[in-house]
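Q: Take a look at this one; I'll ask things after.
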Amino acid sequence: MPESCDVALPVPLESAFTYRIVNGEPPVVGGRVLVPFRQQRMSGIVVDLHERAPKVPAKNVISVLDSTPVLNQQLLKLGRWIADYYLAPLGEVFRSMLPLSAEFKKAIGYRITDEGRMALHRAGMAGSSARSRRTPQEQLEEFRLLDYLAERDVVREERLRSMGHASKALLSGMARKKWITREDLSQARNAARTVKIAVLAGTLEDGKRLNDNQRTLLDTLAAADGRIAVQTLREVEVPRTTLDTLVRRKLVEIVEEPADFHVSAVKPRPFDFQFTPAQQSALNCIQDGVTAGKFGGVLLHGITGSGKTAVYLAAMRAVLESGRSSILLVPEIGLTPAVAADLHQVFGEEVAILHSALSDQERAEQWHRIHRGEARVVVGTRSAVFAPVSDLALIIVDEEHDSSYKQEETPRYHARDVAVVRAKMANAMVVLGSATPSLESYFNATQHKYALLELRDRVEQRPLPEVEIIDMRQEFQETGQEQVISRKLAQEIKERLDRGEQAMVLLNRRGYSPVVLCRSCGKTLECKNCAIALTHHKRARKMECHYCGYSAPVPQHCIHCGSEYVYFLGTGSEKLEELLDGLFPQARIGRMDRDTVRGRQDFERILCALHERKIDLLVGTQMIAKGHDIHGVTLVGVVGADIALGMPDFRAAERTFQLLTQVAGRAGRGYVPGKVVLQTYFPDHYAVQYAAQHDFAGFYDKELRFRSWMHYPPCSALANVLMRSNKLDDVLQWSGLLGRWFESTRQEGIRVLGPAPAPIVRLKEDYRYHFVLKSPSREKLNNLLRAMLAYAAGEKIPRTQLIVDVDALWLM
Ligand code: ADP
Ligand code: ZN
Ligand code: ZN
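Using my numbering, the letters of the sequence shown map in sequence onto residues 1 to 812.
As structure tokens, this is what we get:
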């Protein structure tokens, strides 16, 4: 019987904490326990058990939450690797790996009752509370709460608590008097978010008959491809019991699905086509790797429209048929309901889909389904890489270059890299797929860490679009005016509209105009929390910060000097839409950016409208570039192709190349060949030139040379060390301390740049200074970072204000 255990807690401290085990169920390694920590109770993961009582004074475990591990040996090992590689506290890593917090954090809400209303009413009639023994202060607070609740439906407990005086005692006292009721909101919210779907199930046995009503229902179902919302089915005029009868006879099955995944666009079923030879050989190679049962990596470099998705799904289906598990990672925005519908068609009930719109509760339910082995195919965004599948055979990372795979909070892991490590630990295959692989992955492939598979042609011999570069400097000279939409782009759009084809125009900047400038004093209008210009949003009539969300009224006068000469400069997607509307008043124009797309439903609605040709012209930010397969789009225009090239970030060229290639890939996916018009002020920049020529290899060679000269990844390991505080003095002091420390411990083979103000020197009220560290040896780099953290802890620099970002994607 173990006497004590070490527990990793989700706090910004590196070490595990020892607790004494008391009677009752013993904890297990990889399981959760509830323990006291500082003034709170906290759940953590048991990482070790000891036969002896702790030598130092230790508190007792409050309760054991799991009798079997929630993190198996492999996931524990993976967690340790992440903690080590990204220098993150182990407990915080485990918290990221387990979506189970909802099991403890019940959402409680309160609602006023009729008695409560009566009490409030009586209190309104003067002096009636005189008989009470409560203090006047308590009464005042009770009535204040009643007053607040009387105007509302259900209010969450935290909300009431944050108002100040609503203590637990006060709330439970009021509940005892039946003035308010307590409700579990997590349940309620859950119920509203699923829909019941009727699915055509078995076939009628010989000799059995159906009555007319039953036949009508089955015909309706069949006409809807065998799946229809129960609610829709209820509109058919038959008795309500008919459906129940069909369910009892096992002809129809009722399944529950998350509500937002129900809208399914009409799309062909996957695989009702012959694989191309290139697809087939990629599939064979992946399958051979899976069968071999040892680690192997593949970089699947397939141009846009080459049919990568079909290869993924076929490989996963084969894994499922052999009784093993697979995980498919997709970028944040890639999981549309249409994709989910496809997945259900291929994998049925065996698939668990983990997307960002799930509530905590739903996420926990999916986790348990996977843990129990009910779902052996997992599809999800970043954190799905931690899905607790057993007998993992294959992990696929779609659009592996996508930046949403990097978590921008502790632990700052990159899911693609974690996928590779997990595959190694599981002796599984890992497939990284993209039309524009990251420099890192392509470099690894050239170093033979992965096999390189290429899909060089689009399916059905469709050509890649022709790209025409428009030099906007020349456009300016010839028209004598700064243009947003060049004459050529306008003409090409007009031709498409006349022919009844569709077009997309990309401008990777939302809002109406990005800068407000005073012509008198030359100052711009900045965010109050960030060193960032506020963007004008015309329709919403406000100025907004795109980094912290702060908003301010639209200025009539300069806030610095009072002058009236305030000018709105530059163009965002909202203004572009307005300009296009002026040029093509007859066209139906849609816009897709974070202002028009608030959730996945908006996203899907716009895509559907595009599919159904209810939109002729779609304007938008990078959102329009991602993976959509709309056959009617024959023209893509790019306005301001070079915005990213101006950023002080070594990945600027790579990002520009990827964005241009991806958006160009949206054109000509149907029978009519596509065209791209690319407007730029840097027509000679290699990122623009190689994208226009669809030349990934050319871009890669040139970019790799630059990275090698500058000692940037993938030629060198890199980490960003950022200090932040709302007091400038703190940041300056810490910068000085760490700067001197780096100097005194100067290590061979490590370059330390800084301290320097970060490119965004103030963000969300914090001042920011940073160091950039580069080294050909990752081991040396991480050792130095570890020593630096220990020194910083000694100097009492708070761990939460000192960010270590290993393999940072953004140096901003
Ligand atoms: P990618 O992800 O490589 O850009 P997709 O996987 O989205 O490409 O495939 C593009 C389109 O081609 C999809 O509509 C898909 O159904 C279709 N497709 C895939 N493979 C084939 C094939 N062998 N023959 C015909 N159509 C195919
Ligand atoms: Zn001014
Ligand atoms: Zn801001």
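Idealized CB from N, CA, C, for every residue including glycine.
Taking the alpha carbon of L660 as the point to measure from, which residue in P673, F650, G670, V636 has its own alpha carbon closest?
A: By one-based count along the sequence shown, residue 660 stands at place 660. Taking only the C-alpha atoms, the option nearest L660 is V636.
Q: Looking at N726: is its Cβ nearer than 9 Å to the Cβ of Y686?
A: By 1-based counting over the sequence shown, the position of residue 726 is 726. By 1-based counting over the sequence shown, the position of residue 686 is 686. Contact: no.
Q: Please look up how many angstroms separate the CB atoms of I327 and V255, rounded, as I've assumed it's under 8 Å.
A: On the sequence shown, position 327 is the one that residue 327 refers to. On the sequence shown, position 255 is the one that residue 255 refers to. No, I327 and V255 are not in contact; Cβ-Cβ is about 23 Å, not under 8 Å.
Q: Examine ligand 3 and report whether any of its heavy atoms sits within less than 8 Å of the Cβ of G549.
A: The sequence position of residue 549 within the sequence shown is 549, counting from 1. Yes, Cβ of G549 sits closer than 8 Å to a heavy atom of ligand 3.
Q: What residue does the beta strand (DSSP E) around F386 start on, and which one ends it?
A: The count along the sequence shown starts at 1 and reaches residue 386 at position 386. Counting along the chain, F386 falls outside any beta strand (DSSP E), and DSSP gives it neither H nor E.
Q: Report, in whole angstroms, the separation of the C-beta atoms of M504 and R666, which I expect to be a contact under 8 Å.
A: As a working mapping, residue 504 is identified with position 504 in the sequence shown. As a working mapping, residue 666 is identified with position 666 in the sequence shown. Indeed they touch by this definition, with Cβ atoms about 6 Å apart.
Q: For C5, write down the residues that DSSP places opposite it in a beta bridge.
A: Taking the first residue of the sequence shown as position 1, residue 5 is located at position 5. DSSP output for C5 lists Y19, L49 as bridge partner(s).
Q: State the CB to CB distance for the pair A282 and L453, rounded to an integer number of angstroms; the pair is presumed to be in contact (CB under 8 Å).
A: The sequence position of residue 282 within the sequence shown is 282, counting from 1. The sequence position of residue 453 within the sequence shown is 453, counting from 1. Right, the Cβ-Cβ distance comes to about 5 Å (below 8 Å), so this counts as a contact.
Q: Here's a check: name, in chain order, each residue in its chain whose Cβ is nearer than 7 Å to the Cβ of F295, leaving out the five neighbours to either side.
A: Here residue 295 refers to the residue found at position 295 of the sequence shown. Here the set comprises A423, K424, N427, A428.
Q: Label F273 either buried or exposed according to how many other C-beta atoms from any shown protein chain fall within 10 Å of its C-beta, with 16 as the threshold for buried.
A: As a first step, residue 273 must be located in the sequence shown, where it is residue number 273. Exposed is the call here.
Q: Closer than 7 Å by C-beta to I797: which residues in its own chain qualify, once you throw out the five before and the five after it? Chain order, please.
A: Along the sequence shown, read from residue 1 onward, the residue named residue 797 stands at position 797. Excluding residues within five positions, the ones whose Cβ falls inside 7 Å are W734.
Q: Would you call the CB atoms of A119 and F143 closer than 9 Å?
A: Your numbering for residue 119 matches position 119 in the sequence shown. Your numbering for residue 143 matches position 143 in the sequence shown. In this structure, F143 lies closer than 9 Å to A119 by Cβ.
Q: Mind checking P514: buried by the 16 CB within 10 Å criterion, or exposed?
A: Along the sequence shown, one-based indexing puts residue 514 at 514. Counting Cβ neighbours within 10 Å, P514 comes out buried, since at least 16 surround it.
Q: Look at the alpha carbon of T242 and the alpha carbon of T203, and state the distance between them as a whole number of angstroms.
A: Locating residue 242 in the sequence shown gives position 242, where the first residue counts as 1. Locating residue 203 in the sequence shown gives position 203, where the first residue counts as 1. Cα-Cα distance, rounded: 17 Å.
Q: Using DSSP with H/G/I as helix, E/B as strand and the rest coil, what is D602?
A: Counting from 1 along the sequence shown, the entry for residue 602 is found at position 602. Helix, per DSSP.
Q: Roughly how many angstroms lie between the CA atoms of V397 and A435, to the nearest whole one?
A: Against the sequence shown, residue 397 aligns to sequence position 397. Against the sequence shown, residue 435 aligns to sequence position 435. One C-alpha to the other measures close to 12 Å.
Q: Rounded to a whole number of angstroms, what is the C-alpha to C-alpha distance between V554 and Q586?
A: Sequence index remark: in the sequence shown, residue 554 carries index 554 (1-based). Sequence index remark: in the sequence shown, residue 586 carries index 586 (1-based). Those two C-alpha atoms are separated by around 31 Å.
Q: Quick check on this structure: which residue in L534, L394, D147 has the alpha carbon closest to the alpha carbon of V290?
A: In the sequence shown, counting from the first residue as 1, residue 290 sits at position 290. That would be L394, whose Cα lies nearest to the Cα of V290.
Q: Leaving out the 5 sequence neighbours to the left and right, which residues in its chain are closer than 7 Å to G373 when beta-carbon positions are compared?
A: The residue you call residue 373 lines up with position 373 of the sequence shown. Closer than 7 Å at the Cβ level, and outside the excluded window around G373, lie S390.
Q: Here's the rule: buried if 16 or more other CB atoms are within 10 angstroms of the residue's CB, otherwise exposed. What is Q481?
A: Residue 481 sits at position 481 when you count from the first residue of the sequence shown. Classification of Q481: exposed, given that the 10 Å Cβ count is below 16.
Q: Let's see if you can read the secondary structure: which residues bound the alpha helix (DSSP H) around M472?
A: Stepping through the sequence shown from its first residue, residue 472 is reached at position 472. Start and end: 472 to 479.
Q: Going along the chain, which unbroken runs of the beta strand (DSSP E) with 3 or more residues stay wholly within the region 684 to 756?
A: Listed in chain order, the complete beta strand (DSSP E) runs (minimum 3 residues) inside the region 684 to 756 are 717 to 725.
Q: Does the beta carbon of I286 fall short of 8 Å from some heavy atom of ligand 1?
A: Here residue 286 refers to the residue found at position 286 when the sequence shown is read from its first residue. Result no, Cβ not under 8 Å from ligand 1.
Q: Under the criterion of a Cβ to heavy atom distance below 8 Å, does N726 qualify as lining ligand 3?
A: Here residue 726 refers to the residue found at position 726 when the sequence shown is read from its first residue. For ligand 3, not one heavy atom lies less than 8 Å from the Cβ of N726.
Q: Give me the Cα-Cα distance between S167 and E141, rounded to the nearest whole angstrom.
A: Taking the sequence shown and counting its residues from 1, one reaches residue 167 at position 167. Taking the sequence shown and counting its residues from 1, one reaches residue 141 at position 141. Near 10 Å, if we compare the C-alpha coordinates of E141 and S167.
Q: Over what stretch of residues does the beta strand (DSSP E) that includes C518 continue unbroken?
A: Sequence index remark: in the sequence shown, residue 518 carries index 518 (1-based). 515 to 518 is the extent of the beta strand (DSSP E) around C518.
Q: Name the DSSP beta bridge partners of V430, please?
A: Along the sequence shown, read from residue 1 onward, the residue named residue 430 stands at position 430. DSSP output for V430 lists G297, I395 as bridge partner(s).
Q: Starting from the Cα of Q502, find the closest Cα among A719, G674, T479, S403 and give me that residue.
A: Reading the sequence shown from its first residue, position 502 is the one you call residue 502. Here the closest residue by C-alpha is G674.
Q: Check whether the region 639 to 647 touches the region 604 to 613, taking contact to mean three or more Cβ pairs, one atom from each stretch, closer than 8 Å.
A: With the cut-off at 8 Å, the region 639 to 647 and the region 604 to 613 do not touch.
Q: Which of the three DSSP states is assigned to D457 in this structure?
A: Walking along the sequence shown from the start, residue 457 turns up at place 457. Note: D457 maps to coil in three-state DSSP.
Q: Please confirm whether any heavy atom of ligand 1 lies closer than 8 Å to the CB of I303.
A: For the purposes of this step, residue 303 is taken as residue 303 along the sequence shown, with counting starting at 1. Under cutoff, so the answer is yes.
Q: To the nearest angstrom, how far is the alpha carbon of D219 from that of A609?
A: If you number the sequence shown from 1, residue 219 lands on position 219. If you number the sequence shown from 1, residue 609 lands on position 609. Rounded to the nearest angstrom, the two C-alpha atoms are 28 Å apart.
Q: With which residues is A533 paired in a DSSP beta bridge?
A: In the sequence shown, counting from the first residue as 1, residue 533 sits at position 533. Paired residue(s): E526.
Q: Among residues of its own chain, excluding the 5 on either side of R227, which ones have a beta-carbon nearer than 7 Å to its beta-carbon?
A: Your numbering for residue 227 matches position 227 in the sequence shown. Once the five neighbours on either side are set aside, the close Cβ partners of R227 are I197, V199.
Q: Just to confirm, does T309 get its C-beta within under 8 Å of one of the non-hydrogen atoms of ligand 1?
A: Looking up residue 309 in the sequence shown gives position 309. Within the cutoff, so yes.
Q: How would you label A314, buried or exposed, when you count the other beta carbons within 10 angstroms and need 16 or more for buried?
A: Translated into the one-based positions of the sequence shown, residue 314 becomes position 314. Per the 10 Å Cβ criterion, buried.
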